[in-house]
Amino acid sequence: MSRLHNFSAGPAGMPTKVLERAKEELLHWNSTGTSVMEVSHRGADYVALAHKAESNLRQLMRIDDAYAVLFLQGGASLQFAGVPMNLLQGTADYLETGAWSKKAYQEASRYTMLGQINLVASGKEGNYTDVPQRNAWRLTDKADYFHYCSNETIHGIYTDVPSSINAPLVCDMSSDILSRPVDVSRFGIIYAGAQKNIGPAGLSVVIIKKELLDKASSICPSVMNYSLQAKADSMLNTPATYAWYLAGLVFEWLLEKGGVPAIYEQNQAKAKLLYETIDGSSFYHNAINPTCRSIMNIPFTLADNSLDEVFLKQAKTAGLLALKGHRSVGGMRASIYNALELESVQVLVDFMMDFEKKFG
Ligand SMILES: *Cc1c(COP(=O)(O)O)cnc(C)c1O
604 MSRLHNFSAG PAGMPTKVLE RAKEELLHWN STGTSVMEVS HRGADYVALA HKAESNLRQL
664 MRIDDAYAVL FLQGGASLQF AGVPMNLLQG TADYLETGAW SKKAYQEASR YTMLGQINLV
724 ASGKEGNYTD VPQRNAWRLT DKADYFHYCS NETIHGIYTD VPSSINAPLV CDMSSDILSR
784 PVDVSRFGII YAGAQKNIGP AGLSVVIIKK ELLDKASSIC PSVMNYSLQA KADSMLNTPA
844 TYAWYLAGLV FEWLLEKGGV PAIYEQNQAK AKLLYETIDG SSFYHNAINP TCRSIMNIPF
904 TLADNSLDEV FLKQAKTAGL LALKGHRSVG GMRASIYNAL ELESVQVLVD FMMDFEKKFG
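For the sequence shown, the positions run 604 to 963 when my numbering is used.
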């Protein structure tokens with residue numbers, strides 16, 4: 604049986620080549636006579652693997668020595684708490700552009716003993732179809748940090764790096780990290796759960812400017828304390844060793860493909876093909892302002908939503924998986940992360956045009 608076209612929002616499809624390599628060395632890794640998941644994270648073999656993964660990620664994203672790169676657990680959601688526990692002392696600003704930045708805002712708001720969380724603006728009134736107008740943002744003077752989500756996975760909205768923000772930028776990049784070139788030097792913290800563009804679930808990457816270390820509150824759990832984790836090379840306790848290994852393989856795969864600029868080109872071509880199909884028809888619709896459409900997650904609705912179930916069923920028969928939209932939004936969603944090839948989007952687009960002919 605061949606691998607199907609997987610449009611899952613997360614955990615998402617992995618590059619087939621990476622899985623093949625993992626399969627090949629599953630029982631005997633690196634001449635150790637064991638699997639990589641059966642060795643100590645403090646042994647020389649594993650430590651070398653961990654360092655290599657970090658240096659490859661640094662190369663891919665051009666991360667310099669002013670930043671620490673951490674491989675932690677708990678997913679992006681734990682960082683919703685980790686960020687305020689590490690940085691909040693007075694007030695932090697949060698921009699709400701969709702479901703994930705809203706969750707980050709709500710989680711941070713629980714830590715009233717540390718400081719205040721200010722909602723800068725929310726796209727809620729427009730049903731999260733647009734990034735709130737910059738001139739309406741209510742920014743705090745001297746905020747500890749400014750938090751936003753670059754790619755709203757559920758709503759399909761992309762927010763560009765905000766300019767002229769005086770506070771350190773903290774960005775949840777879970778669903779678009781490594782999908783396009785980013786100037787890391789503009790950020791205080793970039794964090795991402797792995798299961799969209801990095802590897803399997805269970806791992807999260809935190810890239811933090813070293814000058815922001817050592818500010819953690821005394822209530823911050825040690826394993827969530829970025830300074831302690833940086834000093835311990837992310838091994839304060841046992842890390843997610845197998846997920847870290849697989850992330851390392853994904854970084855190598857990406858470097859072989861030509862790095863972030865090359866994958867960005869492919870990602871743009873995939874998104875263009877799908878958006879053009881949606882916009883070119885009156886049967887399919889995407890509600891997001893075209894200036895801030897995601898190139899990773901593309902939600903769309905059918906003109907007649909009583910056809911949703913038929914669409915999903917026939918799509919599955921055609922080998923197109925996981926196209927059901929998030930329950931809070933409805934309709935369909937195609938997640939087209941780095942690992943998904945242009946060919947898969949072509950198969951989807953052909954299917955959509957066929958379906959429209961039959962039912963439109
Ligand atoms: C998936 C996702 C999350 C949640 O990740 P978990 O690892 O499940 O905590 C947070 N933010 C964004 C943007 C996401 O796509």
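A virtual CB, placed ideally from N, CA and C, is assigned to each residue, including glycine.
Query: Does DSSP put M827 in a helix, a strand or coil?; Result: helix
Query: Would a C-beta distance cut-off of 7 Å place G796 and A843 closer than the cut-off?; Result: no
Query: Using a Cβ-Cβ cut-off of 8 Å (strictly less than) and excluding sequence neighbours within five positions of A679, which residues of its own chain qualify?; Result: W703, D775, S777, Y794, A795, G796 and S807
Query: What do you reckon, is the C-beta of D763 under 6 Å from a heavy atom of ligand 1?; Result: no
Query: For the alpha helix (DSSP H) holding R645, just list the boundary residues, first then last.; Result: Neither: R645 is in no alpha helix (DSSP H) and is coded neither H nor E.
Query: Please tell me whether, using a cut-off of 6 Å, the distance from the CB of A684 to the nearest non-hydrogen atom of ligand 1 is below it.; Result: no
Query: Between S638 and ligand 2, is the CB less than 6 Å from at least one heavy atom?; Result: For the structure depicted, ligand 2 is absent and the ligand set comprises only ligand 1.
Query: Starting from the C-beta of C895, find all residues in its chain whose C-beta is less than 6 Å away, skip the five residues before and the five after it, and write them out in chain order.; Result: V734, I760 and Y761
Query: Shortest alpha-carbon distance to L849 belongs to which of L742, E628 and N892?; Result: E628
Query: My output table needs one value for R896: the three-state DSSP class, helix, strand or coil.; Result: strand
Query: For the region 649-737, which segments carrying the beta strand (DSSP E) assignment without a break, of at least 3 residues, lie completely within its bounds, in sequence order?; Result: 670-675, 694-699 and 719-725
Query: Keeping to the same chain, check which residues put their C-beta closer than 7 Å to that of E657; ignore five residues upstream and five downstream.; Result: V672
Query: Are the beta-carbon atoms belonging to A833 and T732 less than 7 Å from one another?; Result: no
Query: When the Cα atoms are used, what is the spatial distance from H750 to A669?; Result: 20 Å
Query: Quick check: the region 951-959 against the region 874-887, are there 3 or more CB pairs under 8 Å?; Result: yes
Query: My guess is that P618 and A942 are in contact by the Cβ rule of under 8 Å, so how many angstroms apart are they, rounded?; Result: 5 Å
Query: Name the residue from S753, W847 and S825 whose alpha carbon lies nearest to the alpha carbon of N900.; Result: S753
Query: Can you find at least 3 beta carbon pairs, one from the region 931-941 and one from the region 903-920, that sit closer than 8 Å?; Result: yes
Query: Between the region 911-925 and the region 825-841, do at least 3 Cβ pairs fall closer than 8 Å?; Result: no
Query: Let's see if you can read the secondary structure: which residues bound the alpha helix (DSSP H) around G851?; Result: T844 to E859
Query: If you run the structure through DSSP and keep just helix, strand and coil, what is D953?; Result: helix
Query: Hey, out of Q736, Y748 and V863, whose CA is closest to N689's CA?; Result: Y748
Query: At 4 residues or longer, what runs of the alpha helix (DSSP H) sit wholly inside the region 886-931?; Result: 911-920
Query: May I have the straight-line CA-CA distance separating R1037 from L717, to the nearest angstrom?; Result: The chain is shown from 604 up to 963; residue 1037 falls before or after that span and cannot be answered.
Query: Under 8 Å by Cβ, that's how I've got L945 and L857 pegged, so tell me the actual separation to the nearest angstrom.; Result: Their Cβ separation, rounded to whole angstroms, is 16 Å, which puts L945 and L857 out of contact at 8 Å.
Query: Measuring only the C-alpha atoms, how far is V948 from K626?; Result: 26 Å
Query: When we look at the beta-carbon of L630 and count the other beta-carbons within 10 Å, is it buried (16 or more) or exposed?; Result: exposed
Query: Between A850 and ligand 1, is there a pair consisting of the residue's CB and a ligand heavy atom that are separated by less than 6 Å?; Result: no
Query: Since K812 is in the beta strand (DSSP E), which residue starts that stretch and which ends it?; Result: S807 to K812
Query: Inspect the beta-carbon positions of V952 and T880 and report whether they are closer than 7 Å.; Result: yes
Query: What does D775 pair with, by DSSP beta-bridge criteria?; Result: C752 and Y794
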